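Enquirer:
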Amino acid sequence: MRTFLVSGIAATLVLAMAGCNNAKSPDTVAKDVAAAEQKASVEVANSEKDAAKDLSKAADKVDDKLVAFNNDAAKDAYNLAVAKADGDRKVAIANCSALNGDAQKACKDQADADYSAAKASAKAVAQSEKQ
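One point on numbering: in our numbering, the residue at position 51 of the sequence shown is 56, and numbering is uninterrupted.
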């Protein structure tokens, strides 16, 4: 009984690992990429709308509130940059699904690294813009 259980678990793990980095069909990849691009554009549009709304509110403020405006603008710029980076990451990962095995993993790792770098850059810019 124990041998059967261990063999079953081992077989399940082998099958699960075999399916992790398999390439998807070109049609599936195209659909996934299109969906990721659509979602990314919606996220960026929402971030831009929020930034425009904050900018509109800030225009009504008095000059002594300029520091708060600069901080809000920096936050909005950061949020917009992160939304764009997130969208780019999702599209890149969708494209990675066309690859197999180690190439797919390397592609996904590169997408994650690019996302982290973009976030760090956006944070640095936002910090420099704050008063």
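Yeah, the Cβ is synthetic: ideal placement off N, Cα and C, and Gly gets one too.
On a predicted model such as this, the values are computed, not experimentally measured, just so you know.
For Lys36 and Ala97, I'd like the C-alpha separation in whole angstroms.
Expert: Those two C-alpha atoms are separated by around 13 Å.
Enquirer: Based on Cα-Cα distance, which residue from Thr33, Ala56 and Glu42 lies nearest to Asp93?
Expert: Among Thr33, Ala56 and Glu42, the Cα nearest to that of Asp93 belongs to Glu42.
Enquirer: Nearest to Ser121 by alpha carbon, out of Asn100, Val87 and Gln132?
Expert: Considering only alpha carbons, the answer is Val87.
Enquirer: Reducing DSSP to helix, strand and coil, say where Ser46 ends up.
Expert: Here Ser46 sits in helix by DSSP.
Enquirer: Could you check if Lys95 is buried or exposed, using at least 16 other CB atoms within 10 Å of its CB as the buried criterion?
Expert: Answer is buried; the Cβ neighbour count reaches 16.
Enquirer: What's the C-alpha gap between Ala23 and Thr33?
Expert: Here the model assigns Ala23 a pLDDT of 49, short of 50, so the residue's position is not dependable and the matter cannot be decided.
Enquirer: Do Asp91 and Glu48 have their CB atoms nearer than 9 Å?
Expert: Contact flag set, yes.
Enquirer: Roughly how far, in whole angstroms, is the beta-carbon of Ala82 from the beta-carbon of Ala131, given that I think they are within contact range, below 8 Å?
Expert: Confirmed, Cβ separation roughly 6 Å.
Enquirer: Which residues mark the beginning and the end of the alpha helix (DSSP H) in which Ala129 is found?
Expert: Here the alpha helix (DSSP H) through Ala129 covers Gly106 to Glu134.
Enquirer: Could you have a look at Ser102 and say whether DSSP puts it in helix, strand or coil?
Expert: If DSSP states are grouped into helix, strand and coil, Ser102 belongs with coil.
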